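Participant: One structure is given below, represented as structure tokens, and several questions about it will come after.
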Amino acid sequence: MPGFVGNSKLLTVGGDIDQDAEVLFDYQPNGDMMALRMDSQENNLKLYQWVQGQPTVLKLAENVPAALARWHDISVTVSVGGTHVSGSLDGQKFVDADVDTPISGQVGAWAKSDTVVLFDSFSVDANAD
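Per my numbering, residue 140 is the first one in the sequence shown, and the count goes up by one each step.
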């Protein structure tokens, strides 16, 4: 299985309940998925996994410079073989995790609840090493 890099340039501009934007990946037909989520209210980056609708935080990086109303580059990298995930914000790696099952699903951009976010670009490099 080849690795991949999913990258999005985004600007979170508001949200009363949430200010979370993310790169969603490993999306499966049954709704299982993973995501690298930037939270501008809590200044953190979380690697989530949803299984049967239940979210689990696999990794949490706190004190991340995830400022509101500032452009950010959020990037998730999945290793060749699909069992290692790393997440970066603005070119700095904040999370690393090994997963039990190889990642194989779809990739996309997503915002939580009432988050207002602008996405300037989104790309996936399916040939990454």
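By construction, the Cβ of each residue, glycine as well, lies at the ideal position given by its N, Cα and C atoms.
Keep in mind it's a predicted model, so treat the numbers as computed, not measured.
(1) Closest to D165 by C-alpha separation, out of N146, Q188, G153 and Q231, would be which residue?
(2) Please report the distance separating the alpha-carbon of V256 from that of T151.
(3) Any contact of the region 190–203 with the region 240–249, i.e. 3+ C-beta pairs under 8 Å?
(4) Helix, strand or coil: how does DSSP classify R176 here?
(5) Please confirm whether V224 and V203 have their CB atoms less than 8 Å apart.
(6) Spell out the partners DSSP gives K251 in its beta bridges.
(7) Considering only residues of the same chain and omitting the five flanking positions on each side of D235, which have a CB-CB separation below 6 Å?
(8) For D171, which of M177, K251, T240 and K198 has the nearest alpha-carbon?
(9) Whose CA, out of P168, A160 and I156, lies closest to the CA of D253?
(10) Can you pull the DSSP bridge partners for N146?
(11) So, for T195: in the same chain, excluding its five sequence neighbours on each side, which residues have a beta-carbon less than 6 Å away from its beta-carbon?
Facilitator: In this structure, then:
(1) Q188
(2) 4 Å
(3) no
(4) strand
(5) no
(6) BP columns for K251 are empty, so no partner.
(7) S225
(8) T240
(9) I156
(10) S214 and S262
(11) Q188
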